[in-house]
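To start, the structure under review is shown below, and the notes come after it.
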Amino acid sequence: MLRPQDNFLKMYFVIVLLSALYQTLYWYVMLKWWWTAEINIFSQDITIQQISTTMVNKGLFIALPLVFVTSLFVVILLKELFKRLQFLADTYEFYKK
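Below you can see the structure in the form of structure tokens.
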């Protein structure tokens, strides 16, 4: 469990790194799928490279900032959850005696 002296920024940094790693793997899998699928969207003459470029641009400019915002909310929720779990553990120990 996290203790009160644990740093909020360290926790945020770890969650941001994990979220960024997940996004990177997601982009890799999607781009790999688009390159091997060789399909045209809506039967237009759109190349796979244009599709992948659009996906990367959307990922970099839309999804990446959401990683930081979502990570902040996750950290806040985890801190509150750990406080409540610690309270439950303390009350359990109190009633156990």
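Just so we're on the same page, our numbering is the position in the sequence shown counted from 1, plus 130. For each residue, glycine too, the CB sits at the ideal point set by N, CA and C.
For the candidate residues K140, N137, Q153, whose alpha-carbon lies nearest to that of V197? Position 67 of the sequence shown, counted from the start, is the residue given in the question as residue 197. The shortest C-alpha separation from V197 is found at Q153.
Rounded to whole angstroms, what's the CA-CA distance from D220 to T183? Just pull it up for me. For the purposes of this step, residue 220 is taken as residue 90 along the sequence shown, with counting starting at 1. For the purposes of this step, residue 183 is taken as residue 53 along the sequence shown, with counting starting at 1. For D220 and T183, the gap between their C-alpha atoms comes out near 53 Å.
Proximity below 8 Å, CB of V205 to CB of I145: For the purposes of this step, residue 205 is taken as residue 75 along the sequence shown, with counting starting at 1. For the purposes of this step, residue 145 is taken as residue 15 along the sequence shown, with counting starting at 1. Yes, the Cβ-Cβ distance between V205 and I145 is below 8 Å.
Express the C-alpha separation of K213 and Y222 in angstroms, rounding to a whole number. The count along the sequence shown starts at 1 and reaches residue 222 at position 92. The count along the sequence shown starts at 1 and reaches residue 213 at position 83. Between Y222 and K213, the C-alpha separation is close to 14 Å.
Put N187 into one of helix, strand or coil per three-state DSSP. Translated into the one-based positions of the sequence shown, residue 187 becomes position 57. Three-state result, N187: helix.
CA-CA distance, F224 and Q216? For the purposes of this step, residue 224 is taken as residue 94 along the sequence shown, with counting starting at 1. For the purposes of this step, residue 216 is taken as residue 86 along the sequence shown, with counting starting at 1. Rounded to whole angstroms, the separation of the alpha carbons of Q216 and F224 is 12 Å.
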